[in-house]
Amino acid sequence: MKEKTGSHPAAKLWGWARPYHGSFLGSVLLAVLGVACGMIPYFSVAAILRLLLSGSVSMPAYLMWCGIALAGYLGKVLFGSFSTLISHTATYHTLRDLRKALTSKLARVPMGTVLNTPSGQYKTTIVDRVEGMEPTLAHLIPEMTSNALVPIAILVYLLILDWRMALISLITLFIGFIFVARSGKTYAKRWAGAVEAGRRMNNAIVEYIGGIQVVKAFSQSAGSYQKYADAVRANGQYYVDWMGDNLKYMCLWTSVIPAVLVAVLPAGFAFWAGGSLSAPDFLTIIVLSLGLTGPIMAAMTFVDDLAVIGTNVGEISGILETAELERPQEPVRLDHLDIALKNVSFTYGKDSGEVLRGIDLNIRPGTVTALVGPSGSGKSTIAKLIAGFWDVTDGQITVDGCDVRRIPLTQWTAQIAYVSQDNYLFDRSIRENIRMGRKNATDAEVEDAAKASGCEEFIRRLENGYDTAAGNGGGSLSGGERQRVAIARAMLKNAPIVILDEATASIDPENEAAIQKALSALTKGKTLIVIAHHLSTITDADNIVVVKNGKIAAQGKQDELLSTCPVYADMWAAYQGTRDQA
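Yeah, the sequence shown ends on 1170 if you go by our numbering, and it's all consecutive.
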């Protein structure tokens, strides 16, 4: 789904629906026919009244016009129903494609962009704003178009009957449109404010729910959780103020526009009394005037949708137009997977300082490289740059001498298994969570990976075994169990490079031994990059890299660093002291 920067919101929306243009145009045609058929009963009534006034009415003629009116009503229902069916089918296919495009886009943008955006904002855009396109596509396009065309046809007929009465029938419409214009003058701006207030509330709610354990632990109620409470109150008050300002205009135009007879009846009576308007024409004008306002009022129900298109489309485009990690599509040849970081610097954004500066590091295939250092020193950032989560700000990362930015992202990520301390599991079966490591894996391969990672023991105790749902975020499993499932997923992927980002940092001692055993099986014969929490696990590493303040302070083997690197020596002494106290 290609995005044209700078296009008008309506043009963008129509462009997103491009595969279904034929369906939408067909629904418009059917809607026009349906509304036109809905006008037939008015013409039939007018014809019957003319016959009655002329005194020449007969039963066959009367029944004929009644039949025509019934046929018009049935045509209205039939054409309208098919128009609605077609427009809604095309609309929900468009919304489906749009949501797929948005989620696919997020997989291609830098991880920092995703992490720096509140999850509530993404939920609002992908769920609410996309759903907000439904009235525009499914209703506004066919129904507003048809409801606008039919009154024009009626007006032409009225002009033929009596141009004076035709213009008089428009008086209340013009007055009503003045109030509509006044109401809509600030509508788009007000809606944008409502969206922003709703976004703040959504973000606060997501944050509140995410931190509910802290709220409960410290006896905080929703009212005392100030950010949440303020956002909810502000959102409600915004809508109250907005509706209060807008309601008077809405009441005026919804009252004035349908009151067409207020102008038509006295003027028509005056013309009839003066002999310039016949009684049959007067009655026909009365009936058709009533039919004139119905479609217009129906069309006016879509004024809100027209006003909010810009905001909704703008939010969706904001994601679709986000800069992606620039990667080619053609695969490159990778033989040894020799990784090198050359004078790498990195910053998360324009407003933040450098996180890494001048990093030079070589990682040979089949070796163990450990990244250690104080919290916030940049260890995880180095690992995530290697994994392709972000692009370097300066310098380069090469694989077999090829800049990683010249390697297709899917090709490079296929070479890496990434296991962190907070792996996410999806709300699906444990079997399917493991199978995410390799989509075409058989059940037997999934179960072999589970056994090798130590999952078999706890899975066997579950009522539904491998078909047990992991829960949202893996919530139905313990931390140790989630970690072993994540390791099984990585084992199934069988990537040649394994990155362990403090994979055992928050695991209790009872689970740590089982997880260490699983990690040993996972990393056997692989290139291993490990961010160590327990220094005892990396004493045999081929290269220990000490990171401090975004720079490499030293690197080498354990014995060498203990004698030459004060930073590492202090870390080791502190770690040993912690173990002795335990």
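For each residue, glycine too, the CB sits at the ideal point set by N, CA and C.
Environment of residue i [buried if 16+ CB atoms lie within 10 Å]
i	result
Gly-832	exposed
Met-888	buried
Gln-1143	buried
Phe-612	buried
Ile-800	exposed
Val-828	exposed
Ser-1200	Any question about residue 1200 goes unanswered here, given that the chain covers just 589 to 1170.
Ala-851	buried
Lys-1081	buried
Ala-1078	buried
Gln-1071	buried
Ser-968	buried
Glu-1051	exposed
Val-568	Residue 568 cannot be examined here, being either before or after the span of the chain that is shown, 589 to 1170.
Glu-1069	buried
Ser-812	Model confidence at Ser-812 stands at a pLDDT of 49, short of 50, so the residue's coordinates are unreliable and nothing is read from them.
Asn-735	buried
Ile-674	buried
Thr-1127	exposed
Tyr-1156	buried
Lys-1172	A question about residue 1172 goes unanswered here, because the residues of the chain that appear run from 589 up to 1170.
Close Cβ partners of residue i (< 6 Å) along its chain, the five nearest in sequence each way excluded
i	result
Ile-884	Pro-739
Phe-890	Leu-728, Met-732
Thr-1178	The question about residue 1178 has no answer, for the chain in this structure spans 589 to 1170.
Arg-945	Ser-933, Gly-1138, Lys-1139
Val-718	Leu-683, Leu-686, Arg-687
Glu-903	Thr-713, Arg-717
Ser-615	Ser-671, Ile-674, Ser-675, Pro-730
Ala-1141	Val-1134, Val-1155
Per-residue DSSP class, three states only, for residue i
i	result
Phe-977	coil
Val-1155	helix
Glu-1090	coil
Leu-865	coil
Thr-1127	coil
Cys-625	helix
Ala-928	strand
Gln-1164	helix
Thr-955	coil
Phe-934	strand
Tyr-1006	strand
Ile-1018	helix
Asn-950	strand
Gln-1146	helix
Lys-1112	coil
Val-848	coil
Ile-656	helix
heavy atom of the ligand SAM below 7 Å from residue i C-beta
i	result
Leu-747	Of the ligands one can find in the structure shown there are none, so the ligand SAM has no counterpart to examine.
Residue i versus the options, residue with shortest Cα-Cα distance
i	options	result
Gly-708	Thr-724, Ala-1129, Tyr-816, Gly-660	Tyr-816
Pro-706	Ala-792, Asp-1031, Cys-654	Ala-792
Gly-964	Asn-931, Ala-1157, Lys-1139, Ala-1005	Lys-1139
Val-1134	His-924, Lys-1114, Lys-1145, Thr-724	Lys-1145
Cys-625	Arg-1016, Phe-667, Trp-841, Glu-1035	Phe-667
His-676	Gly-824, Ala-619, Leu-853	Ala-619
Ala-822	Gly-781, Asn-834, Thr-774	Gly-781
Arg-752	Glu-795, Val-794, Gly-856	Gly-856
Integer-rounded CB distance, given that residue j should sit under 8 Å from residue i
i	j	result
Met-789	Ala-819	4 Å
Ser-1066	Ala-1057	Actually they do not touch by this definition, with Cβ atoms about 15 Å apart.
Ala-598	Leu-871	Not confirmed; about 42 Å, so no contact.
Val-844	Gly-720	About 29 Å separates the two Cβ atoms, so there is no contact after all.
Ala-1106	Ser-1041	4 Å
Gly-966	Val-992	With 8 Å as the limit, Gly-966 and Val-992 do not qualify as a contact, their Cβ atoms being about 18 Å apart.
Leu-908	Leu-690	7 Å
Asp-1015	Asn-1060	5 Å
Val-1118	Leu-1088	4 Å
Leu-601	Thr-724	7 Å
Own chain partners of residue i with C-beta closer than 7 Å, once the 5 adjacent residues on each side are dropped
i	result
Ala-1038	Ile-1022, Glu-1044, Ile-1047, Ala-1076
Ile-742	Met-627, Leu-876, Gly-879, Leu-880
Ile-1018	Ile-1047, Tyr-1054, Thr-1056, Ala-1058, Val-1073
Met-699	Lys-972, Phe-977, Trp-978
Ala-1029	Arg-1023, Leu-1080
Trp-1000	Gly-976, Val-992
Val-901	Pro-597, Lys-600, Leu-601
Neighbourhood of residue i by C-beta, 8 Å cutoff - its chain only, sequence neighbours within 5 removed
i	result
Tyr-650	Ile-636, Leu-639
Leu-997	Arg-696, Leu-913, Arg-915, Gly-976
Asn-704	Tyr-936, Gly-937
Thr-910	Lys-693, Val-697, Thr-701
Trp-860	Ser-866, Ala-867, Phe-870
Within-8 Å CB hit, residue i to chain B
i	result
Asn-1131	The chain labelled as chain B is not found in the depicted structure, where only one protein chain is given.
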